[in-house]
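Chemist:
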Amino acid sequence: MVKIITDSGALFEDEAEVRKLGVTIVPLRISINGKVYREKVDINTEDLLERMAQSKDIPTSLPPTREFMEKVYHRAIRESEEIIGIYTSSWLNPVTSVAREASIPFLGRARITIIDSEATSLGLGIMVREAARAAARGETLENIVRLVRGMIPYVYVVSFVENLKYLHRNRIISASQAILGTMLGIKVFLTLENGRFIPLEKVQTEEQMAEKLFEFAAEFVNIEKLAVLQCGFRDAAKMLVEKLRTLSEGLEIPILSYNPSMLCYLGPKAITLVVYEGE
Numbered sequence: 009m010v011k012i013i014t015d016s017g018a019l020f021e022d023e024a025e026v027r028k029l030g031v032t033i034v035p036l037r038i039s040i041n042g043k044v045y046r047e048k049v050d051i052n053t054e055d056l057l058e059r060m061a062q063s064k065d066i067p068t069s070l071p072p073t074r075e076f077m078e079k080v081y082h083r084a085i086r087e088s089e090e091i092i093g094i095y096t097s098s099w100l101n102p103v104t105s106v107a108r109e110a111s112i113p114f115l116g117r118a119r120i121t122i123i124d125s126e127a128t129s130l131g132l133g134i135m136v137r138e139a140a141r142a143a144a145r146g147e148t149l150e151n152i153v154r155l156v157r158g159m160i161p162y163v164y165v166v167s168f169v170e171n172l173k174y175l176h177r178n179r180i181i182s183a184s185q186a187i188l189g190t191m192l193g194i195k196v197f198l199t200l201e202n203g204r205f206i207p208l209e210k211v212q213t214e215e216q217m218a219e220k221l222f223e224f225a226a227e228f229v230n231i232e233k234l235a236v237l238q239c240g241f242r243d244a245a246k247m248l249v250e251k252l253r254t255l256s257e258g259l260e261i262p263i264l265s266y267n268p269s270m271l272c273y274l275g276p277k278a279i280t281l282v283v284y285e286g287e
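The sequence shown finishes on residue 287 if you use our numbering, and the numbering steps up by one all the way, no holes.
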């Protein structure tokens, strides 16, 4: 069976399912206040929010070391000689390049394919889950790679944040782009395009924010998955879900919390809509 590896930037509605399917989740690292923590191992979302509230330091998301990734591959080839690594967008975290470098010593001993998901969080999680299910069905490496790469253009992620300094600190946007979000009370609309967060426009109220996200979702005609992620916008998230339910009867729309690495990018007050559109 093909072995699937991802990183802790991936968010799952049911992480137990993907672990049961044999997916290895490699922890990214979170740096704050001069200390480095392994995501979901040494630090969780609540821990990071507490540290962010107590410090002016902005957390950054780091990849695992090459040495650590080599150990991951060494263990993985004991399970399978065919491995697919599906990782967080290289624009957000250089984990993909580290994973690719770490795979070099194993060339000839295993077939290892590295995929830059151009996504993170639940968007990445959806791809990983489908890859793991395909592997469990006995699909070939080639078919699973084709499946995942075919999903990338159909996963959409849009967000509102109150401050762009977190994206700037993580070297995801420029200083000039970060200025867009400096006005007090302004919420900035971001879209994740080709793996990069792009600031587009601004709103002032939570009602406008929910309406803008709803309008984005309403453009799709074949929605397979909708989910809302939030931190500090609980009421707006509930408002948005009520609106989204009018688009597709019976479609479950969970409200989820961010994982720590996503907080590094978006900060402690943000809301995100994830859409997976069927082909």
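Virtual Cβ for every residue (Gly too), placed ideally from N, Cα, C.
1) Any idea what DSSP makes of Ile263, helix, strand or coil?
2) Who are the near neighbours of Glu87 in its chain, counting only those whose CB is closer than 6 Å to its CB and skipping five residues on each side?
3) Between the Cα of Arg117 and the Cα atoms of Phe205, His82 and Lys48, which residue gives the shortest distance?
4) Do the CB positions of Tyr174 and Gly240 come within less than 8 Å of each other?
5) Take Gln212 as the anchor and find which of Ala235, Ala245, Asn230 and Glu170 has the nearest alpha-carbon.
6) For Glu209, collect the residues of the same chain with a Cβ closer than 7 Å to its Cβ; drop the 5 residues on either side in sequence, then sort them by chain order.
7) With a cut-off of 8 Å, do at least 3 Cβ pairs link the segment 144-152 to the segment 39-53?
8) Taking Thr68 as the reference, give the member of Glu219, Met9 and Gly17 with the closest Cα.
9) Mind listing, in chain order, the continuous beta strand (DSSP E) runs of no fewer than 3 residues lying wholly within the segment 109-136?
10) Using the C-alpha atoms, what's the distance from Gln62 back to Ile181?
11) Cα-Cα, which of Glu214, Phe228 and Val163 is closest to Gly203?
12) Run the CB neighbour count on Arg137, radius 10 Å, all protein chains shown included, and call it buried at 16 or more, exposed below.
13) Taking the continuous beta strand (DSSP E) assigned at Pro276, which residues delimit it?
14) Between Ala245 and the rest of its own chain, which residues show a CB-CB distance below 7 Å, the 5 nearest in sequence each way excluded?
15) What would DSSP say about Thr32, mapped onto helix, strand or coil?
16) Please state if the CB of Ala225 and the CB of Val283 are separated by a distance shorter than 8 Å.
17) Can you round the beta-carbon distance between Leu19 and Val44 to whole angstroms, since I take them to be within the 8 Å contact cut?
18) State the beta-bridge partners of Gly93 as determined by DSSP.
19) Considering just the uninterrupted stretch of the alpha helix (DSSP H) at Val236, what are its terminal residues?
20) Here's the rule I'm using: 16 or more other beta-carbon atoms within 10 Å means buried, otherwise exposed. How should Val49 be labelled?
21) Please classify Thr73: is it buried, with 16 or more other beta-carbons within 10 angstroms of its beta-carbon, or exposed?
22) Taking the alpha helix (DSSP H) that Thr199 belongs to, which residues open and close that run?
23) Excluding the 5 residues preceding and the 5 following Glu126 in the sequence, name in chain order all residues of the same chain whose CB lies nearer than 7 Å to its CB.
24) In terms of alpha-carbon separation, which member of Glu232, Val249, Thr121 and Asn230 lies closest to Lys220?
25) For Tyr29, I'd like the list of residues in its chain whose CB is within less than 6 Å of its CB, leaving aside the five on either flank, ordered along the chain.
26) Taking Arg119 as the reference, which of Asp65, Ser129 and Gly93 has the closest Cα?
27) So for Thr254, helix, strand or coil by DSSP?
Modeler: Let's see:
1) If DSSP states are grouped into helix, strand and coil, Ile263 belongs with the strands.
2) Cβ neighbours of Glu87 beyond the five flanking positions: Lys11.
3) Scanning Phe205, His82 and Lys48 for the CA closest to the CA of Arg117 turns up His82.
4) The answer is no: Cβ separation not under 8 Å.
5) With distances taken between CA atoms, Gln212 lies nearest to Glu170 out of Ala235, Ala245, Asn230 and Glu170.
6) Exclusion of the five residues before and after Glu209 leaves Phe197 as the residues of its chain whose Cβ lies within less than 7 Å of its Cβ.
7) They do not touch, by the three-pair rule.
8) Comparing Cα positions, the closest option is Gly17.
9) Given a length threshold of 3 residues, each whole run of the beta strand (DSSP E) inside the segment 109-136 is given here in chain order: 119-124.
10) So the alpha carbons of these two residues sit roughly 25 Å apart.
11) Of the candidates Glu214, Phe228 and Val163, the one whose C-alpha sits nearest the C-alpha of Gly203 is Val163.
12) Arg137 is buried by the Cβ-count criterion.
13) Counting along the chain, Pro276 falls outside any beta strand (DSSP E), and DSSP gives it neither H nor E.
14) Cβ neighbours of Ala245 within its own chain (closer than 7 Å, five residues either side excluded): Val236, Gln238, Ile263 and Ile279.
15) In this structure, Thr32 counts as strand in the three-state DSSP scheme.
16) Yes, the pair counts as a contact, with Cβ atoms nearer than the cut-off.
17) Not quite, the Cβ-Cβ distance comes to about 21 Å (not below 8 Å), so this is no contact.
18) Answer by DSSP bridge pairing, in chain order: Ile13 and Ile122.
19) For Val236, there is no enclosing alpha helix (DSSP H); the enclosing beta strand (DSSP E) covers residues Ile231 to Cys239.
20) Here Val49 is exposed. Its C-beta has fewer than 16 other C-beta atoms within 10 Å.
21) Flag for Thr73 reads exposed.
22) No alpha helix (DSSP H) holds Thr199; the beta strand (DSSP E) holding it covers Lys195 to Glu201.
23) Exclusion of the five residues before and after Glu126 leaves Ser97, Ile160, Asn202 and Gly203 as the residues of its chain whose Cβ lies within less than 7 Å of its Cβ.
24) Closest option to Lys220, Cα to Cα, is Val249.
25) Note that residue 29 corresponds to Leu in the displayed sequence, not to Tyr. Taken in chain order, the residues that qualify are Ala140 and Ala144.
26) For the residues Asp65, Ser129 and Gly93, the minimum Cα distance to Arg119 belongs to Gly93.
27) If DSSP states are grouped into helix, strand and coil, Thr254 belongs with coil.
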